[in-house]
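Residue numbers (my numbering): 17 to 545.
Here's the structure, in C-alpha coordinates; my notes come after.
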(Lines of atoms letter the chains of each structure in order from A; the text may use other names.)
(Lines give C-alpha, C1' and ligand atoms only; values in the text may rest on other atoms or scores of the structure.)
Protein backbone atom coordinates (compact mmCIF):
# COMPACT_ATOMS: atom_id res chain seq x y z
CA UNK A 17 0.00 0.00 0.00
CA UNK A 18 1.16 3.58 -0.56
CA UNK A 19 3.15 5.04 2.31
CA UNK A 20 1.39 8.00 3.95
CA UNK A 21 3.26 11.28 4.11
CA UNK A 22 3.16 14.11 6.55
CA UNK A 23 0.94 16.98 5.44
CA UNK A 24 3.86 19.39 5.84
CA UNK A 25 5.23 18.92 2.34
CA UNK A 26 8.73 20.06 1.47
CA UNK A 27 9.45 22.00 -1.70
CA UNK A 28 10.69 18.75 -3.22
CA UNK A 29 7.35 17.08 -2.52
CA UNK A 30 5.51 20.05 -4.01
CA UNK A 31 7.72 19.90 -7.10
CA UNK A 32 6.80 16.23 -7.54
CA UNK A 33 3.07 16.78 -7.03
CA UNK A 34 3.09 19.77 -9.37
CA UNK A 35 4.55 17.58 -12.11
CA UNK A 36 1.73 15.06 -11.61
CA UNK A 37 -0.91 17.79 -11.85
CA UNK A 38 0.83 19.24 -14.91
CA UNK A 39 0.85 15.81 -16.56
CA UNK A 40 -2.91 15.42 -16.00
CA UNK A 41 -3.63 18.92 -17.34
CA UNK A 42 -1.37 18.51 -20.38
CA UNK A 43 -2.96 15.33 -21.77
CA UNK A 44 -5.89 17.06 -23.54
CA UNK A 45 -3.99 20.24 -24.40
CA UNK A 46 -0.37 19.77 -25.48
CA UNK A 47 1.87 16.91 -26.59
CA UNK A 48 4.94 19.02 -25.83
CA UNK A 49 3.76 19.66 -22.28
CA UNK A 50 3.20 15.93 -21.79
CA UNK A 51 6.87 15.27 -22.56
CA UNK A 52 7.94 18.19 -20.36
CA UNK A 53 5.80 17.06 -17.43
CA UNK A 54 7.17 13.52 -17.76
CA UNK A 55 10.68 14.91 -17.45
CA UNK A 56 9.66 16.98 -14.43
CA UNK A 57 8.05 13.88 -12.90
CA UNK A 58 11.37 12.02 -13.12
CA UNK A 59 13.24 14.94 -11.56
CA UNK A 60 10.66 15.22 -8.78
CA UNK A 61 10.89 11.50 -8.07
CA UNK A 62 14.69 11.66 -7.86
CA UNK A 63 14.57 14.66 -5.53
CA UNK A 64 12.17 13.15 -2.99
CA UNK A 65 13.14 10.46 -0.49
CA UNK A 66 16.29 8.40 -0.21
CA UNK A 67 17.39 5.42 -2.28
CA UNK A 68 16.65 2.87 0.43
CA UNK A 69 13.16 4.27 0.94
CA UNK A 70 12.45 4.09 -2.80
CA UNK A 71 13.84 0.56 -2.99
CA UNK A 72 11.59 -0.60 -0.15
CA UNK A 73 8.56 0.96 -1.82
CA UNK A 74 9.39 -0.77 -5.09
CA UNK A 75 9.77 -4.12 -3.31
CA UNK A 76 6.28 -3.62 -1.90
CA UNK A 77 4.84 -2.83 -5.35
CA UNK A 78 5.03 -6.02 -7.45
CA UNK A 79 2.43 -4.51 -9.78
CA UNK A 80 4.91 -1.78 -10.75
CA UNK A 81 7.61 -4.37 -11.43
CA UNK A 82 5.21 -6.32 -13.60
CA UNK A 83 4.33 -3.28 -15.73
CA UNK A 84 7.97 -2.23 -16.01
CA UNK A 85 8.81 -5.73 -17.27
CA UNK A 86 6.99 -4.86 -20.52
CA UNK A 87 9.67 -2.29 -21.27
CA UNK A 88 12.34 -4.93 -20.71
CA UNK A 89 10.62 -7.21 -23.22
CA UNK A 90 11.43 -4.46 -25.73
CA UNK A 91 14.99 -4.33 -24.37
CA UNK A 92 15.32 -8.11 -24.73
CA UNK A 93 14.03 -7.84 -28.30
CA UNK A 94 16.99 -5.60 -29.16
CA UNK A 95 19.21 -8.71 -28.97
CA UNK A 96 17.55 -10.03 -32.15
CA UNK A 97 17.61 -6.66 -33.91
CA UNK A 98 19.67 -5.87 -37.00
CA UNK A 99 18.52 -2.23 -37.23
CA UNK A 100 19.86 -0.84 -33.95
CA UNK A 101 18.84 2.77 -34.65
CA UNK A 102 15.20 1.73 -35.13
CA UNK A 103 15.41 -0.40 -32.00
CA UNK A 104 16.61 2.60 -29.99
CA UNK A 105 13.73 4.63 -31.39
CA UNK A 106 11.29 1.92 -30.26
CA UNK A 107 12.80 2.01 -26.76
CA UNK A 108 12.49 5.79 -26.71
CA UNK A 109 8.78 5.59 -27.66
CA UNK A 110 8.02 3.04 -24.95
CA UNK A 111 10.15 4.66 -22.22
CA UNK A 112 6.93 5.93 -20.61
CA UNK A 113 6.26 2.31 -19.59
CA UNK A 114 9.43 2.39 -17.49
CA UNK A 115 9.37 5.96 -16.22
CA UNK A 116 5.77 6.76 -15.26
CA UNK A 117 4.78 3.68 -13.19
CA UNK A 118 8.16 3.70 -11.47
CA UNK A 119 7.90 7.37 -10.48
CA UNK A 120 4.30 7.12 -9.26
CA UNK A 121 4.92 3.85 -7.40
CA UNK A 122 8.06 4.95 -5.52
CA UNK A 123 7.46 8.71 -5.36
CA UNK A 124 5.58 10.49 -2.56
CA UNK A 125 2.23 8.81 -1.98
CA UNK A 126 -0.92 10.24 -3.52
CA UNK A 127 -3.72 10.23 -0.95
CA UNK A 128 -7.44 10.22 -1.65
CA UNK A 129 -7.90 13.99 -1.45
CA UNK A 130 -5.01 14.73 -3.80
CA UNK A 131 -6.10 11.92 -6.14
CA UNK A 132 -9.52 13.54 -6.53
CA UNK A 133 -7.91 16.91 -7.24
CA UNK A 134 -5.77 15.33 -9.97
CA UNK A 135 -8.89 13.86 -11.59
CA UNK A 136 -10.64 17.22 -11.29
CA UNK A 137 -7.66 18.90 -12.97
CA UNK A 138 -7.85 16.43 -15.85
CA UNK A 139 -11.61 16.92 -16.24
CA UNK A 140 -11.21 20.70 -16.21
CA UNK A 141 -8.49 20.52 -18.87
CA UNK A 142 -10.59 18.09 -20.93
CA UNK A 143 -13.59 20.42 -20.88
CA UNK A 144 -11.40 23.43 -21.61
CA UNK A 145 -9.82 21.68 -24.60
CA UNK A 146 -13.26 20.76 -25.97
CA UNK A 147 -14.59 24.32 -25.56
CA UNK A 148 -11.54 25.73 -27.36
CA UNK A 149 -12.03 23.10 -30.08
CA UNK A 150 -15.68 24.09 -30.57
CA UNK A 151 -14.64 27.75 -30.80
CA UNK A 152 -12.08 26.81 -33.47
CA UNK A 153 -14.73 24.75 -35.27
CA UNK A 154 -17.20 27.65 -35.37
CA UNK A 155 -14.50 30.00 -36.72
CA UNK A 156 -12.75 27.32 -38.82
CA UNK A 157 -12.43 29.60 -41.86
CA UNK A 158 -10.49 32.16 -39.81
CA UNK A 159 -8.26 29.44 -38.34
CA UNK A 160 -7.71 27.79 -41.74
CA UNK A 161 -9.20 24.49 -40.55
CA UNK A 162 -10.20 22.00 -43.26
CA UNK A 163 -10.52 18.74 -41.30
CA UNK A 164 -12.35 18.10 -38.04
CA UNK A 165 -9.25 16.75 -36.28
CA UNK A 166 -7.49 20.10 -36.80
CA UNK A 167 -9.66 21.73 -34.12
CA UNK A 168 -7.65 19.92 -31.42
CA UNK A 169 -4.11 20.40 -30.14
CA UNK A 170 -3.53 16.65 -29.70
CA UNK A 171 -4.41 13.49 -31.65
CA UNK A 172 -8.17 13.28 -32.23
CA UNK A 173 -8.11 9.50 -31.69
CA UNK A 174 -6.26 9.88 -28.39
CA UNK A 175 -8.60 12.69 -27.37
CA UNK A 176 -11.60 10.42 -27.96
CA UNK A 177 -10.15 7.96 -25.42
CA UNK A 178 -9.76 10.80 -22.94
CA UNK A 179 -13.41 11.75 -23.46
CA UNK A 180 -14.47 8.17 -22.71
CA UNK A 181 -12.35 8.05 -19.56
CA UNK A 182 -13.72 11.44 -18.49
CA UNK A 183 -17.26 10.09 -18.86
CA UNK A 184 -16.28 6.99 -16.83
CA UNK A 185 -14.87 9.13 -14.00
CA UNK A 186 -18.04 11.23 -13.90
CA UNK A 187 -20.29 8.15 -13.88
CA UNK A 188 -18.28 6.69 -10.99
CA UNK A 189 -18.58 9.94 -9.06
CA UNK A 190 -22.35 10.01 -9.57
CA UNK A 191 -22.81 6.39 -8.54
CA UNK A 192 -20.52 6.18 -5.51
CA UNK A 193 -20.34 9.68 -4.06
CA UNK A 194 -23.62 10.13 -2.20
CA UNK A 195 -22.48 13.31 -0.47
CA UNK A 196 -22.58 15.57 -3.53
CA UNK A 197 -25.44 18.04 -3.75
CA UNK A 198 -28.30 17.87 -6.23
CA UNK A 199 -26.93 20.86 -8.17
CA UNK A 200 -23.51 19.24 -8.53
CA UNK A 201 -25.18 15.99 -9.57
CA UNK A 202 -27.09 17.80 -12.33
CA UNK A 203 -23.87 19.50 -13.42
CA UNK A 204 -22.04 16.15 -13.65
CA UNK A 205 -24.86 14.59 -15.67
CA UNK A 206 -24.81 17.58 -18.04
CA UNK A 207 -21.05 17.21 -18.45
CA UNK A 208 -21.42 13.50 -19.27
CA UNK A 209 -23.85 14.32 -22.08
CA UNK A 210 -21.65 17.20 -23.25
CA UNK A 211 -18.52 15.01 -23.50
CA UNK A 212 -20.46 12.30 -25.36
CA UNK A 213 -21.84 14.94 -27.73
CA UNK A 214 -18.32 16.20 -28.40
CA UNK A 215 -17.24 12.62 -29.14
CA UNK A 216 -19.84 12.53 -31.92
CA UNK A 217 -18.74 15.97 -33.17
CA UNK A 218 -15.18 14.65 -33.36
CA UNK A 219 -16.34 11.63 -35.43
CA UNK A 220 -13.34 9.44 -34.63
CA UNK A 221 -14.54 6.02 -35.83
CA UNK A 222 -12.23 4.30 -33.34
CA UNK A 223 -13.66 6.37 -30.50
CA UNK A 224 -17.26 5.87 -31.62
CA UNK A 225 -16.90 2.10 -32.04
CA UNK A 226 -15.24 1.89 -28.62
CA UNK A 227 -18.09 3.94 -27.15
CA UNK A 228 -20.69 1.65 -28.78
CA UNK A 229 -19.03 -1.50 -27.42
CA UNK A 230 -18.77 0.03 -23.93
CA UNK A 231 -22.43 1.00 -24.09
CA UNK A 232 -23.43 -2.59 -24.84
CA UNK A 233 -21.16 -3.87 -22.04
CA UNK A 234 -22.78 -1.43 -19.61
CA UNK A 235 -26.27 -2.52 -20.61
CA UNK A 236 -25.36 -6.16 -19.95
CA UNK A 237 -24.04 -5.10 -16.55
CA UNK A 238 -27.20 -3.11 -15.78
CA UNK A 239 -29.39 -6.07 -16.76
CA UNK A 240 -27.38 -8.30 -14.44
CA UNK A 241 -27.54 -5.85 -11.50
CA UNK A 242 -31.15 -4.60 -11.74
CA UNK A 243 -33.53 -6.19 -9.26
CA UNK A 244 -36.69 -4.20 -10.12
CA UNK A 245 -38.59 -6.25 -12.70
CA UNK A 246 -39.96 -3.42 -14.86
CA UNK A 247 -36.52 -1.80 -15.18
CA UNK A 248 -34.93 -5.14 -16.04
CA UNK A 249 -37.55 -5.63 -18.79
CA UNK A 250 -36.85 -2.10 -20.05
CA UNK A 251 -33.09 -2.78 -20.19
CA UNK A 252 -33.64 -6.16 -21.85
CA UNK A 253 -35.74 -4.41 -24.49
CA UNK A 254 -33.36 -1.49 -24.95
CA UNK A 255 -30.26 -3.63 -25.58
CA UNK A 256 -31.45 -5.44 -28.75
CA UNK A 257 -33.16 -2.26 -29.98
CA UNK A 258 -29.86 -0.35 -29.72
CA UNK A 259 -27.86 -3.11 -31.40
CA UNK A 260 -30.45 -3.56 -34.15
CA UNK A 261 -30.76 0.21 -34.57
CA UNK A 262 -27.01 0.55 -35.06
CA UNK A 263 -26.91 -2.19 -37.69
CA UNK A 264 -30.04 -0.77 -39.34
CA UNK A 265 -28.42 2.66 -39.67
CA UNK A 266 -25.23 1.15 -41.07
CA UNK A 267 -27.29 -0.95 -43.47
CA UNK A 268 -29.18 2.12 -44.65
CA UNK A 269 -25.87 3.89 -45.31
CA UNK A 270 -24.65 0.95 -47.41
CA UNK A 271 -28.00 0.79 -49.26
CA UNK A 272 -27.84 4.51 -50.06
CA UNK A 273 -24.32 4.08 -51.40
CA UNK A 274 -25.26 1.25 -53.77
CA UNK A 275 -28.66 2.65 -54.77
CA UNK A 276 -27.40 3.42 -58.28
CA UNK A 277 -28.98 5.13 -61.26
CA UNK A 278 -30.30 2.81 -63.97
CA UNK A 279 -28.31 3.18 -67.18
CA UNK A 280 -29.30 1.98 -70.67
CA UNK A 281 -26.08 2.11 -72.75
CA UNK A 282 -28.11 2.42 -75.97
CA UNK A 283 -29.76 5.61 -74.74
CA UNK A 284 -26.63 7.44 -73.54
CA UNK A 285 -26.19 10.75 -75.43
CA UNK A 286 -23.21 10.86 -77.74
CA UNK A 287 -22.60 14.62 -77.59
CA UNK A 288 -22.75 17.49 -75.11
CA UNK A 289 -25.06 20.50 -75.51
CA UNK A 290 -22.17 22.21 -77.33
CA UNK A 291 -21.82 19.33 -79.79
CA UNK A 292 -18.62 17.84 -78.35
CA UNK A 293 -18.25 14.08 -77.97
CA UNK A 294 -19.02 12.43 -74.62
CA UNK A 295 -16.82 9.65 -73.30
CA UNK A 296 -18.81 6.91 -71.53
CA UNK A 297 -16.62 4.33 -69.80
CA UNK A 298 -19.05 1.49 -69.09
CA UNK A 299 -16.27 -0.56 -67.48
CA UNK A 300 -15.68 2.05 -64.77
CA UNK A 301 -17.81 0.91 -61.83
CA UNK A 302 -16.73 3.67 -59.43
CA UNK A 303 -19.64 5.42 -57.73
CA UNK A 304 -20.36 8.79 -56.12
CA UNK A 305 -23.77 9.02 -54.42
CA UNK A 306 -25.17 6.32 -56.70
CA UNK A 307 -23.89 7.94 -59.93
CA UNK A 308 -21.24 6.35 -62.17
CA UNK A 309 -18.03 8.37 -62.40
CA UNK A 310 -17.12 7.12 -65.89
CA UNK A 311 -20.20 8.46 -67.70
CA UNK A 312 -21.00 11.84 -69.31
CA UNK A 313 -17.36 12.97 -69.49
CA UNK A 314 -16.00 15.56 -71.92
CA UNK A 315 -12.44 16.44 -70.91
CA UNK A 316 -12.15 19.24 -73.50
CA UNK A 317 -15.13 21.21 -72.15
CA UNK A 318 -14.35 20.35 -68.56
CA UNK A 319 -10.80 21.72 -68.72
CA UNK A 320 -11.79 24.92 -70.53
CA UNK A 321 -14.80 25.65 -68.29
CA UNK A 322 -12.89 24.90 -65.09
CA UNK A 323 -10.04 27.26 -65.93
CA UNK A 324 -12.61 29.99 -66.56
CA UNK A 325 -13.99 29.51 -63.04
CA UNK A 326 -10.82 28.86 -61.02
CA UNK A 327 -7.21 30.09 -60.86
CA UNK A 328 -6.09 26.51 -60.07
CA UNK A 329 -4.88 24.59 -63.11
CA UNK A 330 -6.92 21.62 -64.30
CA UNK A 331 -3.92 19.30 -63.90
CA UNK A 332 -2.61 20.96 -60.74
CA UNK A 333 -2.60 18.92 -57.52
CA UNK A 334 -5.08 19.80 -54.78
CA UNK A 335 -4.08 19.95 -51.06
CA UNK A 336 -4.60 16.16 -50.81
CA UNK A 337 -2.10 15.46 -53.58
CA UNK A 338 -4.65 14.49 -56.25
CA UNK A 339 -5.13 16.30 -59.59
CA UNK A 340 -7.88 18.92 -59.44
CA UNK A 341 -9.42 17.22 -62.47
CA UNK A 342 -10.01 14.02 -60.46
CA UNK A 343 -11.69 15.88 -57.59
CA UNK A 344 -13.75 17.92 -60.07
CA UNK A 345 -15.02 14.82 -61.91
CA UNK A 346 -15.98 13.09 -58.66
CA UNK A 347 -17.63 16.23 -57.27
CA UNK A 348 -19.76 16.76 -60.38
CA UNK A 349 -20.72 13.09 -60.34
CA UNK A 350 -21.74 13.30 -56.67
CA UNK A 351 -24.21 16.07 -57.55
CA UNK A 352 -25.58 14.12 -60.52
CA UNK A 353 -24.17 16.65 -63.01
CA UNK A 354 -22.60 15.96 -66.39
CA UNK A 355 -18.83 16.37 -66.63
CA UNK A 356 -18.87 19.15 -69.23
CA UNK A 357 -19.43 22.91 -69.51
CA UNK A 358 -23.12 22.51 -68.60
CA UNK A 359 -22.18 20.73 -65.38
CA UNK A 360 -19.56 23.34 -64.49
CA UNK A 361 -22.08 26.15 -65.05
CA UNK A 362 -24.33 24.71 -62.34
CA UNK A 363 -21.62 24.84 -59.69
CA UNK A 364 -21.90 27.61 -57.10
CA UNK A 365 -18.84 29.67 -56.09
CA UNK A 366 -18.62 27.71 -52.83
CA UNK A 367 -18.59 24.46 -54.84
CA UNK A 368 -15.53 25.73 -56.73
CA UNK A 369 -13.83 26.52 -53.42
CA UNK A 370 -14.61 23.06 -52.07
CA UNK A 371 -13.08 21.40 -55.15
CA UNK A 372 -9.98 23.61 -54.88
CA UNK A 373 -9.58 22.33 -51.31
CA UNK A 374 -9.63 18.73 -52.54
CA UNK A 375 -13.21 17.89 -51.49
CA UNK A 376 -14.38 15.29 -54.01
CA UNK A 377 -18.02 14.83 -52.97
CA UNK A 378 -20.58 17.43 -51.99
CA UNK A 379 -21.68 15.44 -48.92
CA UNK A 380 -18.18 15.94 -47.45
CA UNK A 381 -18.97 19.65 -47.21
CA UNK A 382 -21.32 18.72 -44.34
CA UNK A 383 -18.73 16.55 -42.58
CA UNK A 384 -18.35 18.88 -39.59
CA UNK A 385 -21.92 18.36 -38.39
CA UNK A 386 -22.98 14.94 -39.70
CA UNK A 387 -21.79 11.39 -39.09
CA UNK A 388 -23.01 10.06 -42.45
CA UNK A 389 -20.18 11.63 -44.56
CA UNK A 390 -17.61 9.84 -42.38
CA UNK A 391 -19.39 6.51 -42.84
CA UNK A 392 -19.86 7.20 -46.56
CA UNK A 393 -16.14 7.87 -46.94
CA UNK A 394 -15.30 4.52 -45.34
CA UNK A 395 -17.78 2.65 -47.58
CA UNK A 396 -16.38 4.45 -50.63
CA UNK A 397 -12.81 3.54 -49.71
CA UNK A 398 -13.72 -0.13 -49.28
CA UNK A 399 -15.76 -0.13 -52.50
CA UNK A 400 -12.81 1.22 -54.50
CA UNK A 401 -10.41 -1.18 -52.75
CA UNK A 402 -12.47 -4.30 -53.44
CA UNK A 403 -13.12 -3.28 -57.06
CA UNK A 404 -9.57 -2.25 -57.95
CA UNK A 405 -7.32 -3.73 -55.26
CA UNK A 406 -5.83 -0.25 -54.78
CA UNK A 407 -5.56 0.61 -51.06
CA UNK A 408 -3.50 3.80 -51.41
CA UNK A 409 -4.65 6.88 -49.47
CA UNK A 410 -7.65 4.95 -48.13
CA UNK A 411 -7.42 4.61 -44.37
CA UNK A 412 -9.32 1.37 -43.77
CA UNK A 413 -8.16 -0.25 -47.01
CA UNK A 414 -4.53 0.44 -46.10
CA UNK A 415 -5.11 -1.12 -42.68
CA UNK A 416 -6.37 -4.29 -44.34
CA UNK A 417 -3.08 -4.48 -46.24
CA UNK A 418 -1.19 -3.79 -42.99
CA UNK A 419 -2.97 -6.70 -41.29
CA UNK A 420 -2.27 -9.04 -44.23
CA UNK A 421 1.43 -8.19 -44.04
CA UNK A 422 1.46 -8.71 -40.25
CA UNK A 423 -0.17 -12.13 -40.62
CA UNK A 424 2.51 -13.09 -43.16
CA UNK A 425 5.29 -12.14 -40.71
CA UNK A 426 3.64 -13.83 -37.71
CA UNK A 427 3.18 -17.09 -39.61
CA UNK A 428 6.95 -17.22 -40.18
CA UNK A 429 8.03 -16.08 -36.68
CA UNK A 430 5.25 -17.38 -34.46
CA UNK A 431 7.12 -18.30 -31.27
CA UNK A 432 9.63 -15.49 -30.62
CA UNK A 433 8.82 -12.80 -33.21
CA UNK A 434 11.33 -10.75 -35.17
CA UNK A 435 12.75 -8.52 -32.43
CA UNK A 436 12.28 -4.89 -31.48
CA UNK A 437 13.81 -3.05 -34.44
CA UNK A 438 13.40 -5.38 -37.42
CA UNK A 439 9.74 -4.69 -38.14
CA UNK A 440 10.20 -2.08 -40.87
CA UNK A 441 12.25 -4.31 -43.19
CA UNK A 442 10.13 -7.35 -42.39
CA UNK A 443 6.97 -5.46 -43.37
CA UNK A 444 8.59 -4.32 -46.63
CA UNK A 445 9.42 -7.94 -47.43
CA UNK A 446 5.89 -9.04 -46.50
CA UNK A 447 4.23 -6.45 -48.76
CA UNK A 448 6.39 -7.60 -51.65
CA UNK A 449 5.70 -11.25 -50.88
CA UNK A 450 1.95 -10.54 -50.79
CA UNK A 451 2.23 -8.59 -54.08
CA UNK A 452 0.41 -5.70 -52.43
CA UNK A 453 -0.61 -2.72 -54.56
CA UNK A 454 0.24 -0.43 -51.65
CA UNK A 455 2.81 2.19 -52.67
CA UNK A 456 6.11 1.88 -50.73
CA UNK A 457 5.69 5.37 -49.23
CA UNK A 458 2.51 4.10 -47.53
CA UNK A 459 4.06 0.97 -46.03
CA UNK A 460 3.47 0.75 -42.30
CA UNK A 461 3.07 -1.59 -39.35
CA UNK A 462 -0.18 -3.41 -38.61
CA UNK A 463 -1.97 -0.50 -36.84
CA UNK A 464 -3.15 -3.16 -34.40
CA UNK A 465 -1.39 -3.28 -31.04
CA UNK A 466 -1.93 -7.00 -30.56
CA UNK A 467 -0.56 -7.87 -34.00
CA UNK A 468 2.41 -5.55 -33.39
CA UNK A 469 3.25 -7.46 -30.20
CA UNK A 470 2.97 -10.78 -32.04
CA UNK A 471 5.16 -9.53 -34.89
CA UNK A 472 7.92 -8.25 -32.59
CA UNK A 473 7.85 -10.73 -29.71
CA UNK A 474 5.95 -13.80 -30.92
CA UNK A 475 3.29 -15.67 -29.01
CA UNK A 476 5.46 -15.98 -25.88
CA UNK A 477 6.17 -12.25 -25.64
CA UNK A 478 2.55 -11.44 -26.47
CA UNK A 479 1.18 -13.63 -23.66
CA UNK A 480 3.59 -12.14 -21.12
CA UNK A 481 2.74 -8.56 -22.12
CA UNK A 482 -1.01 -9.23 -21.89
CA UNK A 483 -0.50 -10.74 -18.43
CA UNK A 484 1.73 -7.83 -17.34
CA UNK A 485 -0.89 -5.28 -18.41
CA UNK A 486 -3.91 -6.97 -16.82
CA UNK A 487 -2.71 -8.69 -13.63
CA UNK A 488 -1.57 -5.50 -11.78
CA UNK A 489 -5.25 -4.60 -11.49
CA UNK A 490 -5.71 -7.66 -9.25
CA UNK A 491 -2.38 -7.30 -7.44
CA UNK A 492 -3.42 -3.84 -6.25
CA UNK A 493 -7.00 -4.97 -5.54
CA UNK A 494 -8.35 -2.41 -8.03
CA UNK A 495 -10.27 -4.91 -10.18
CA UNK A 496 -13.54 -3.46 -8.85
CA UNK A 497 -12.50 0.17 -9.29
CA UNK A 498 -14.69 1.29 -12.18
CA UNK A 499 -12.48 3.95 -13.87
CA UNK A 500 -9.48 1.57 -13.91
CA UNK A 501 -11.54 -1.22 -15.46
CA UNK A 502 -12.98 1.22 -18.01
CA UNK A 503 -9.49 2.44 -18.89
CA UNK A 504 -8.39 -1.13 -19.66
CA UNK A 505 -11.54 -1.76 -21.69
CA UNK A 506 -11.18 1.49 -23.65
CA UNK A 507 -7.61 0.74 -24.70
CA UNK A 508 -8.32 -2.97 -25.01
CA UNK A 509 -11.00 -2.30 -27.63
CA UNK A 510 -9.20 0.57 -29.36
CA UNK A 511 -5.99 -1.43 -29.74
CA UNK A 512 -7.66 -3.54 -32.42
CA UNK A 513 -7.59 -0.54 -34.76
CA UNK A 514 -4.34 1.17 -33.78
CA UNK A 515 -1.04 0.59 -31.99
CA UNK A 516 -1.93 3.03 -29.21
CA UNK A 517 0.62 1.72 -26.72
CA UNK A 518 3.47 2.47 -29.13
CA UNK A 519 2.32 6.01 -29.93
CA UNK A 520 3.23 9.05 -27.85
CA UNK A 521 -0.31 10.18 -27.02
CA UNK A 522 -1.69 6.68 -26.51
CA UNK A 523 0.97 5.35 -24.16
CA UNK A 524 1.36 8.59 -22.17
CA UNK A 525 -2.39 8.78 -21.54
CA UNK A 526 -2.80 5.12 -20.66
CA UNK A 527 0.28 4.61 -18.51
CA UNK A 528 -0.28 7.82 -16.54
CA UNK A 529 -3.84 7.00 -15.54
CA UNK A 530 -3.22 3.28 -15.12
CA UNK A 531 -0.33 4.02 -12.76
CA UNK A 532 -2.37 6.69 -10.98
CA UNK A 533 -5.30 4.31 -10.44
CA UNK A 534 -3.09 1.44 -9.28
CA UNK A 535 -0.72 3.26 -6.92
CA UNK A 536 -2.91 6.02 -5.48
CA UNK A 537 -5.56 5.97 -2.79
CA UNK A 538 -8.68 5.89 -4.96
CA UNK A 539 -11.23 5.62 -2.14
CA UNK A 540 -11.72 7.06 1.31
CA UNK A 541 -10.07 4.68 3.81
CA UNK A 542 -13.40 4.20 5.62
CA UNK A 543 -15.11 3.19 2.36
CA UNK A 544 -12.55 0.71 1.08
CA UNK A 545 -14.24 -2.27 2.65
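Where is the CB? At the ideal position from N, CA and C, for every residue including glycine.
For the pair residue 373 and residue 162, the CB atoms are nearer than the 7 Å cut-off. Runs of the alpha helix (DSSP H) spanning 4 or more residues and lying entirely within the segment 29-96 occur at 47-63, 67-75 and 78-93, in chain order. Distance from residue 155 to residue 45 at the Cβ level is roughly 19 Å; contact not present, criterion being Cβ atoms closer than 8 Å.
Its Cα nearest to that of residue 85, the residue 115 stands out among 64, 138, 115 and 199.
Between the segment 163-182 and the segment 475-495 there are fewer than three C-beta pairs closer than 8 Å, too few to call the two in contact. For residue 327, the three-state secondary structure derived from DSSP is coil.
Three or more Cβ pairs drawn from the segment 431-451 and the segment 467-479 lie within less than 8 Å of each other, which places the two stretches in contact. Our two residues, residue 296 and residue 390, have alpha carbons roughly 29 Å apart in a direct line. Between the alpha carbons of residue 186 and residue 195 lies a distance of about 14 Å. Beta-bridge analysis with DSSP links residue 307 to 304. Counting only residues of its own chain and dropping the five nearest sequence neighbours on each side, residue 441 has a CB closer than 8 Å to the CB of 98 and 99. For residue 512 against residue 464, the beta-carbon gap comes to about 6 Å, under 8 Å, which counts as contact. Of all alpha-carbon atoms in 518, 138 and 425, the one lying nearest the alpha-carbon of residue 37 is that of 138.
Within the segment 81-165, no complete beta strand (DSSP E) segment of 3 residues or longer occurs. Only exposed fits residue 197, as fewer than 16 other CB atoms lie within 10 angstroms of its CB. Nearest in C-alpha terms to residue 359, of all of 200, 369, 366 and 345, is 345. Between the alpha carbons of residue 52 and residue 520 lies a distance of about 13 Å. Residue 333 carries a strand assignment under DSSP once its states are collapsed to helix, strand and coil. In this model, residue 27 and residue 165 are separated by some 40 Å (Cα to Cα). Using a Cβ distance threshold of 7 Å, residue 517 and residue 523 count as a contacting pair. Nearest to residue 408 by C-alpha distance, out of 63, 333 and 458, is 458. Excluding residues up to 5 positions away in sequence, 312 lie with their Cβ nearer than 6 Å to the Cβ of residue 354 in the same chain.
Here the alpha carbon of residue 535 sits roughly 28 Å from the alpha carbon of residue 200. At a Cβ-Cβ threshold of 7 Å, residue 347 and residue 379 do not count as neighbours. Taking C-beta separations shorter than 6 Å and ignoring five residues to either side along the sequence, the partners of residue 50 in its chain run 42 and 524, following chain order. The residues 412 and 413, in chain order, have a CB closer than 7 Å to that of residue 398 in the same chain once the five nearest residues on each side in sequence are set aside. Between the alpha carbons of residue 341 and residue 333 lies a gap of roughly 9 Å. For residue 339, DSSP records a beta bridge to 333. The beta carbons of residue 419 and residue 462 sit closer together than 7 Å. Counting C-beta pairs closer than 8 Å gives fewer than three between the segment 422-429 and the segment 86-96, which falls short of the contact rule. Three or more beta-carbon pairs separated by less than 8 Å are not found between the segment 256-270 and the segment 314-326, which leaves the two stretches without contact. Residue pairing for residue 463: DSSP places it in no beta bridge. In the three-state reduction of the DSSP assignment, residue 295 falls in the strand class, which pools E and B. Here DSSP, grouped into helix, strand and coil, assigns residue 243 to coil. Per DSSP, the unbroken alpha helix (DSSP H) holding residue 201 starts and ends at 198-218.
With 16 or more other CB atoms across the displayed protein chains lying within 10 angstroms of its CB, residue 220 is buried.
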